[in-house]
Amino acid sequence: MRFQILVDRGERINKCTILPLAGHPDLDIVRYHRGKPLPALAGEMLLHPEGASLDALPRRESPVLTLSAIDCTWKRLAAVLRQVAEPMPQLVKIPPGFVTAYPRRNKQNRDPDAGLATIEAVFIAAAFLGHWDESLLSQYAFAADFLTLNRQVFADYGVRV
Numbered sequence: 163m164r165f166q167i168l169v170d171r172g173e174r175i176n177k178c179t180i181l182p183l184a185g186h187p188d189l190d191i192v193r194y195h196r197g198k199p200l201p202a203l204a205g206e207m208l209l210h211p212e213g214a215s216l217d218a219l220p221r222r223e224s225p226v227l228t229l230s231a232i233d234c235t236w237k238r239l240a241a242v243l244r245q246v247a248e249p250m251p252q253l254v255k256i257p258p259g260f261v262t263a264y265p266r267r268n269k270q271n272r273d274p275d276a277g278l279a280t281i282e283a284v285f286i287a288a289a290f291l292g293h294w295d296e297s298l299l300s301q302y303a304f305a306a307d308f309l310t311l312n313r314q315v316f317a318d319y320g321v322r323v
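Numbering (my numbering), first residue to last: 163 to 323.
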């Protein structure tokens, strides 16, 4: 399985969970500039908060070969998607129950209620699509915590752990 991840050029490597994976053989990381057109996405599916839940998708006859994701804040997602050329892949989202291990803070110094680091979401989506690949978490400092926090959630969904 391959992964295409669009990453904002302004993203700082010390806070990004995707850029440290630049050498991963299955990842195609595309850096983009805000306001500039982007080519069509390569994936058959795109992670999106308004997509169909991965646990509710019907079984596919052929495997998903490429999954796309956009690494940005949700506030900027709509603007980034307007830059992407058509056609748009099928939108899918992470099923409820998963929690992040990434220590995030908002400007008021409080943890946000929900949300996952991009690499966490990509890993979960891949697992639901039959591709459990811990090498995706190889550069993620919070990988062990993430797997521990979510082991039972994966099991509850019947996803291989």
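Yeah, the Cβ is synthetic: ideal placement off N, Cα and C, and Gly gets one too. No experiment lies behind these values; they were computed from the predicted model shown.
Three-state secondary structure (DSSP) at residue i?
| i | result |
| --- | --- |
| Lys177 | coil |
| Phe165 | strand |
| Pro274 | Summary for Pro274: the model assigns pLDDT 48, below 50, so the residue's position carries little reliability, and this model does not support an answer. |
| Arg322 | coil |
Quick one: measure Cβ to Cβ for residue i and residue j, integer angstroms, because I've assumed they're closer than 8 Å.
| i | j | result |
| --- | --- | --- |
| Pro251 | Leu203 | 5 Å |
| Ala288 | Asp295 | 6 Å |
Could you say if the stretch 196 to 210 and the stretch 166 to 174 meet the contact criterion of at least three C-beta pairs nearer than 8 Å?
yes
If you scan the stretch 181 to 253 from start to end, which runs of the alpha helix (DSSP H) of 4 or more residues do you find wholly inside it?
236 to 245
Counting pairs of Cβ atoms below 8 Å between the stretch 170 to 189 and the stretch 209 to 219, do you hit three or more?
In short, these stretches do not touch, since the Cβ pair count stays below three.
Enumerate, from N- to C-terminal direction, the unbroken alpha helix (DSSP H) stretches of 4 or more residues contained entirely within the stretch 280 to 317.
280 to 290
Given 8 Å as the limit, is there contact between the stretch 226 to 241 and the stretch 203 to 210, that is, 3 or more CB pairs closer than that?
yes
Please confirm if the stretch 304 to 317 is in contact with the stretch 239 to 249, defined as three or more CB-CB distances below 8 Å between the two stretches.
no
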